[in-house]
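Student: Sharing a structure below in structure tokens format, with a few things to ask.
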Amino acid sequence: MIIRIFFFMFIAGLSVSQSSAQSIFTGSIKNKSGQSIIGTVTIQDKDCLTISGFSQSDAKGEFEISYAGKADSVTITVSGMTIGKHSKTITNKSQRVDFVIQEQAIQLKEVTVKSAAIKQSGDTLNYLVGAYANQNDRVIGDVIRKMPGIEVAEDGKISFNGKEINKFYVENLDLLHGRYGIATNNIPMKAVSVVQVLENHQPIKALREKIPTDDVAINLKLKDSAKGALSIMGMLGGGYQPTLWNAEFTGMYFGKKRQNMTVYKGNNSGDDVASEFRTHYDYERVYMDPSSPLRIQMPITPSVPRKRYIDNRSHAITTNHLIKPSDNSELTTSILYHDDRIKKEGYSYYEQFLPADVQKLIIEEQISSTNHIHNAEVASRFKINKTDYYLNNSFNLKGSWNNDLGVGNTWNNVNQSHTQVSQHLDQPFFSIDNTLDLIKTISDNSYTIYFSAGYSQKPHTLTISPVSYLEEGELETLMQDLTSRDFGSVLRLSYGLKIKNFKLDYALWGRADIRHLETMLYGEPQTTLFDRAFQNDLWYNTYQAGLSQRYSYEKGNFRATLGMPFIYYALLNKDKIPDMHQTYQRLNFQPSLSLKYEYRDFIFYASGSTGRNFGDMNTGYTGYIMHGYRSLLRNTADRLLETRSVNTNTSIDYRNALSALFINLGVNYGYSWKNLLYGYNYQGVMSIKNTIVQPTDMENYGVRLTASKGLDFWRSTLRVYGNYNEGNSQQLIQNEVLNSRSRSYGAGAGLNVTPISFISLNYSFSWGESQSYMVGRSSDFPKIRQTSQTINLDIFPTKAITINMNVEHQYNRAASQRYTTFADASMKWKNQKIDIELGVNNIFNAKQYVSASYSEISTYYYSYSLRPVSALLKIRFKIK
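Each residue of the sequence shown is one higher than the one before, counting from 70 in my numbering.
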């Protein structure tokens, strides 16, 4: 307590100037004769092109303009048709600024007035949708992909100038809570007028000007015709090879007090309906992991679009509803159901590199698999968001009952035999969690209560038949049962205050994670074959308590944040099968530092953090678990796994809305250390986990560059990127420690251009090389070089007709079939209420995709069966 009081006195005693929260400037505009002038008034940071505020003088020439920024000096500019442009730079404090101007007539040349494609107002960038859209664009996601500065990943995740967004709004309301693919893939492009990028976005009103943030959000501003209007649309489609079908139904309503989006999508034509429902961000909560440690062997996912290889039967439906009981409160409810059956087929050649005196392990597999996905989720969120009070309660209920089937014809060089292996995995999952977040602010102080708790259960069973690679002889069936029950809870009490340019935040918190794992391996017909070494009954309970401290200093365009959390960690490990009881206690300190400085259109970032983590359930069990038909794993170390890490990042951002130029350059370095080294021993085709007590470390570093530029001519957007990554680590193979290295680099570019009104062209190119190898054996692992090119051409013969042609070309240097080319074509006719599209996919009827990859210890070649040439007719219609 004495230290805390001394610290407060020290901070309060610093002589640091403080800009007011808001400066108000008044003044007048007059000519030298004393007559009043009506003119435009703007204000901006000194030496910065970004305008922070607008105003206009009245009939008496008087004006008033406010500024809420942190700059030491600002520039006020007055302009008009008869006075030109005049500026004054002054100190950032409320005062009067008068302008006495010599009027002069301005001779105007003939000009063409065009609305700017991007406009900036403070921390908000406004992209005009009409400046980037063309006749072929149907939904707003088609247009967002063309906007400079905004990147859309293959999975639909959106970033702005290298930073992932953490909020997505429609008319300033977060209806979808991270599942914004539902909006980008279904809201019509014609319904949106502006896409806004909100920088330094703080969604909690009570924390604005109290908690600094670099977060980025996107907001869709709708046209007046789309506000408060119910829209219902549908689509039906059918085709051949094989018999194809496709169906959609979308209903949406966006009002001031109520929003709703209800979407159904189903098909067997290769479309990934689940990708739209993927959560890209979520609120902080106890995470219940639905993944299974058990798996079946299936064809590897190729690096081509999903529609080219997936044999599917998909249904997905979701409804999302938001109401605003008052101006400061929201209630959101979401329901989702997803049913999918996915078939895959492929061939693989796997070569495991072993120490020099041991024969390499070679496995060939021809595998077909079927994944059945059944997933249901219900979520409800109630929020009150006021300037002095914030409450958010989130409830989630999730259930899934998935199962996977696989049949593989395998050959290996150990026993020179061909075997047909059947695999079946049942993996049901259930979870429930609730999170309460409450914030109260009084003057410059803030108080927070956060509590989150969740429970999950997953009883999984993996069945393999037959099994001929165990020492006990061939078994008709081998079954692995695994049941995991997890409970987790977090309670955090926080206090924050502001002292001039300093912000201080403290939190006392505690966390408990109770985990129970039961496993059993047994075979048929010899059900008693496996002893207690193949069973687990483990309680793995961790308890943490800590004091979090964060100190922030912000003045003008500079901000520094120092984090100093102290954490007490306790582990109670109770392994009932061998009757072992272990208790571990650790005191942890994990400091971090971040710096940010803005200069004109540049932002400089630097950050560093340390971490110290301890083992989890996957490093705690001691009985064997069959994770897959070639993988039998357990932990043999008698001590707790400990990991230490250091990570640093530096980046430079440049964004200029006026020139539509956005650049992000970043450098990162990471180092980690472990007290245990994990590896594998190979007994025939079976890999068995091994652990030795040996400290090991790993380093990695990289450089990345992304840039995009909107060009005034031909409505063009140019994008370029590049990256370089390198790292080193250690591998444990057949009880031998091997040093490994990896290196990768690549570059790419894309151009979207409309050279004439009836043609639009989109071209993208990517190139990359990678190599992973054991030190001293790089010749065994030649470089892999890959290139990819895509050309998409849209032709608009009339306003009602669109012709599209798409060609993809891929190259892999290490593959036996190095070149693969795909081509698609479509024709679309539309009017106000109906849209008819005929598409032909895989025109060249490519039957297989062949690729290769290397790791530090293995080589992997694979070929994947592709969907044949097919035609699909779709009819879209507007019901309301």
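Beta carbons: idealized from backbone N, C-alpha and C, even for Gly.
Do you know offhand how far residue 623's Cα is from residue 571's?
Tutor: Working through the sequence shown from its first residue, we reach residue 623 at position 554. Working through the sequence shown from its first residue, we reach residue 571 at position 502. Distance between the alpha carbons of residue 623 and residue 571 is about 7 Å.
Student: Between residue 34 and residue 502, how many whole angstroms is the CB-CB distance? I'm expecting something under 8 Å.
Tutor: In the structure as shown, the chain begins at 70 and stops at 949. Residue 34 is therefore absent and cannot be evaluated.
Student: Do you know how far the Cα of residue 679 is from the Cα of residue 948?
Tutor: What you label residue 948 is simply residue 879 of the sequence shown in a count that begins at 1. What you label residue 679 is simply residue 610 of the sequence shown in a count that begins at 1. Spanning the two alpha carbons is a distance of roughly 56 Å.
Student: Determine the direct distance from the alpha carbon of residue 202 to that of residue 823, and round the result to whole angstroms.
Tutor: Here residue 823 refers to the residue found at position 754 of the sequence shown. Here residue 202 refers to the residue found at position 133 of the sequence shown. Whole-angstrom Cα-Cα distance: 10 Å.
Student: Pair every Cβ in the stretch 752-770 with every Cβ in the stretch 254-268, then say whether three or more of these pairs are closer than 8 Å.
Tutor: no
Student: Could you tell me which residues DSSP pairs with residue 773 in its beta bridges?
Tutor: Looking up residue 773 in the sequence shown gives position 704. Per DSSP, 735, 792.
Student: Rounded to the nearest angstrom, what separates residue 280 and residue 560 at their Cα positions?
Tutor: Numbered from its first residue, the sequence shown carries residue 280 at position 211. Numbered from its first residue, the sequence shown carries residue 560 at position 491. C-alpha separation (whole angstroms): 20 Å.
Student: Run through the stretch 630-658 for me and flag every whole beta strand (DSSP E) of 3 or more residues, listed as ranges in chain order.
Tutor: 635-644, 649-658
Student: For residue 493, write down the residues that DSSP places opposite it in a beta bridge.
Tutor: Translated into the one-based positions of the sequence shown, residue 493 becomes position 424. DSSP lists 474, 532 as partners of residue 493.
Student: Taking residue 407 and residue 442 to be in contact with their CB atoms under 8 Å, please state how far apart those CB atoms are, rounded to whole angstroms.
Tutor: For this step, residue 407 is matched to residue 338 along the sequence shown. For this step, residue 442 is matched to residue 373 along the sequence shown. That pair is a contact at about 6 Å.
Student: Tell me the DSSP bridge mates of residue 225?
Tutor: Reading the sequence shown from its first residue, position 156 is the one you call residue 225. For residue 225, which the question treats as bridged, DSSP gives no partner whatsoever.
Student: Give a yes or no on whether the C-beta atoms belonging to residue 331 and residue 388 are separated by under 8 Å.
Tutor: Within the sequence shown, residue 331 is the residue found at index 262, counting from 1. Within the sequence shown, residue 388 is the residue found at index 319, counting from 1. Yes, these two residues count as a Cβ contact at 8 Å.
Student: Flag residue 290 as yes if its beta-carbon sits less than 8 Å from any beta-carbon of chain C, otherwise no.
Tutor: In the structure shown, chain C does not exist; there is a single protein chain.
Student: Rounded to whole angstroms, what is the Cα-Cα separation between residue 257 and residue 209?
Tutor: As a position in the sequence shown, residue 257 is number 188, starting the count at 1. As a position in the sequence shown, residue 209 is number 140, starting the count at 1. Near 6 Å, if we compare the C-alpha coordinates of residue 209 and residue 257.
Student: From which residue to which residue does the alpha helix (DSSP H) around residue 251 run?
Tutor: As a working note, residue 251 is residue 182 in the sequence shown. From DSSP, the alpha helix (DSSP H) with residue 251 extends over 250-253.
Student: Going straight from the alpha carbon of residue 741 to that of residue 770, what length do you get?
Tutor: By one-based count along the sequence shown, residue 741 stands at place 672. By one-based count along the sequence shown, residue 770 stands at place 701. Roughly 12 Å separates the two Cα atoms.
Student: Return the bridge partner residues of residue 810 from the DSSP annotation.
Tutor: Within the sequence shown, numbered from 1, the residue matching residue 810 stands at position 741. In the DSSP assignment, residue 810 forms a beta bridge with 797, 842.
Student: Return the residue from the list 581, 615, 601 that minimises the CA-CA distance to residue 609.
Tutor: To locate residue 609, count along the sequence shown from 1; it is residue 540. Per the Cα distances, 581.
Student: Please report the straight-line C-alpha distance between residue 124 and residue 156, rounded to a whole angstrom.
Tutor: Numbered from its first residue, the sequence shown carries residue 124 at position 55. Numbered from its first residue, the sequence shown carries residue 156 at position 87. So the alpha carbons of these two residues sit roughly 14 Å apart.
Student: Rounded to whole angstroms, what is the Cα-Cα separation between residue 481 and residue 930?
Tutor: Here residue 481 is taken as the residue at index 412 of the sequence shown, counted from 1. Here residue 930 is taken as the residue at index 861 of the sequence shown, counted from 1. Rounded to the nearest whole angstrom, the C-alpha separation of residue 481 and residue 930 is 15 Å.
Student: Can you confirm whether the stretch 717-725 touches the stretch 500-517 when touching is taken to mean that 3 or more C-beta pairs between the two stretches lie within less than 8 Å?
Tutor: Flag = no, the stretch 500-517 and the stretch 717-725 do not touch.
Student: In chain order, what residues of the same chain have a beta carbon less than 6 Å from the beta carbon of residue 191, not counting five sequence neighbours either side?
Tutor: Translated into the one-based positions of the sequence shown, residue 191 becomes position 122. Cβ within range, chain order: 121.
Student: May I have the straight-line CA-CA distance separating residue 656 from residue 634, to the nearest angstrom?
Tutor: Position 587 of the sequence shown, counting from 1, holds the residue named residue 656. Position 565 of the sequence shown, counting from 1, holds the residue named residue 634. Spanning the two alpha carbons is a distance of roughly 11 Å.
Student: Rounding to the nearest angstrom, what Cα-Cα distance links residue 333 and residue 520 in this structure?
Tutor: Here residue 333 corresponds to residue number 264 of the sequence shown, with the count starting at 1. Here residue 520 corresponds to residue number 451 of the sequence shown, with the count starting at 1. The alpha-carbon atoms of residue 333 and residue 520 are separated by roughly 35 Å.
Student: Rounding to the nearest angstrom, what Cα-Cα distance links residue 206 and residue 472 in this structure?
Tutor: As a working mapping, residue 206 is identified with position 137 in the sequence shown. As a working mapping, residue 472 is identified with position 403 in the sequence shown. Roughly 38 Å between the two C-alpha positions.
Student: Helix, strand or coil: which one does DSSP assign to residue 944?
Tutor: Within the sequence shown, the letter at position 875 stands for residue 944. The answer is strand: DSSP assigns residue 944 an E or B state.
Student: Measuring CA to CA, which of 619, 545, 342 is closest to residue 576?
Tutor: The count along the sequence shown starts at 1 and reaches residue 576 at position 507. Ranking 619, 545, 342 by Cα distance to residue 576 puts 619 first.
Student: In whole angstroms, what separates the C-alpha of residue 630 from that of residue 667?
Tutor: As a first step, residue 630 is located in the sequence shown; it is residue number 561 there, counting from the start. As a first step, residue 667 is located in the sequence shown; it is residue number 598 there, counting from the start. A direct Cα-Cα distance of roughly 15 Å separates residue 630 from residue 667.
Student: Suppose you measure from the CA of residue 850 to the CA of residue 802; what does that come to, to the nearest Å?
Tutor: Taking the sequence shown and counting its residues from 1, the one referred to as residue 850 is at position 781. Taking the sequence shown and counting its residues from 1, the one referred to as residue 802 is at position 733. For the pair residue 850 and residue 802, the Cα-to-Cα distance works out to about 17 Å.
Student: Identify, in the order they occur along the chain, each residue of the same chain with its Cβ nearer than 6 Å to the Cβ of residue 117, setting aside the five sequence neighbours on each side.
Tutor: Taking the first residue of the sequence shown as 1, we reach residue 117 at position 48. The residues are 669.
Student: Taking 6 Å as the limit between beta carbons, can you name the residues of its chain near residue 945, skipping five residues before and five after?
Tutor: For the purposes of this step, residue 945 is taken as the residue at position 876 of the sequence shown. Result list for residue 945: 304, 904, in chain order.
Student: Applying the 10 Å Cβ sphere with the 16-neighbour rule, what's the burial state of residue 869?
Tutor: Counting from one through the sequence shown, the residue named residue 869 turns up at place 800. Under this definition residue 869 is an exposed residue.
Student: Give the C-beta separation of residue 923 and residue 889 to the nearest angstrom, bearing in mind that I take them to be a contact with Cβ-Cβ under 8 Å.
Tutor: Within the sequence shown, the letter at position 854 stands for residue 923. Within the sequence shown, the letter at position 820 stands for residue 889. Contact flag wrong, Cβ pair sits at about 19 Å.
Student: Check for me: the beta strand (DSSP E) holding residue 457 runs from which residue to which?
Tutor: Translated into the one-based positions of the sequence shown, residue 457 becomes position 388. Per DSSP, residue 457 belongs to no beta strand (DSSP E) and is neither H nor E.
Student: For a quick check, are the C-beta atoms of residue 244 and residue 401 less than 8 Å apart?
Tutor: Taking the sequence shown and counting its residues from 1, one reaches residue 244 at position 175. Taking the sequence shown and counting its residues from 1, one reaches residue 401 at position 332. Yes, they are a contact pair.
Student: For residue 586 and residue 777, what's the separation of their Cα atoms in angstroms?
Tutor: As a first step, residue 586 is located in the sequence shown; it is residue number 517 there, counting from the start. As a first step, residue 777 is located in the sequence shown; it is residue number 708 there, counting from the start. The alpha-carbon atoms of residue 586 and residue 777 are separated by roughly 50 Å.
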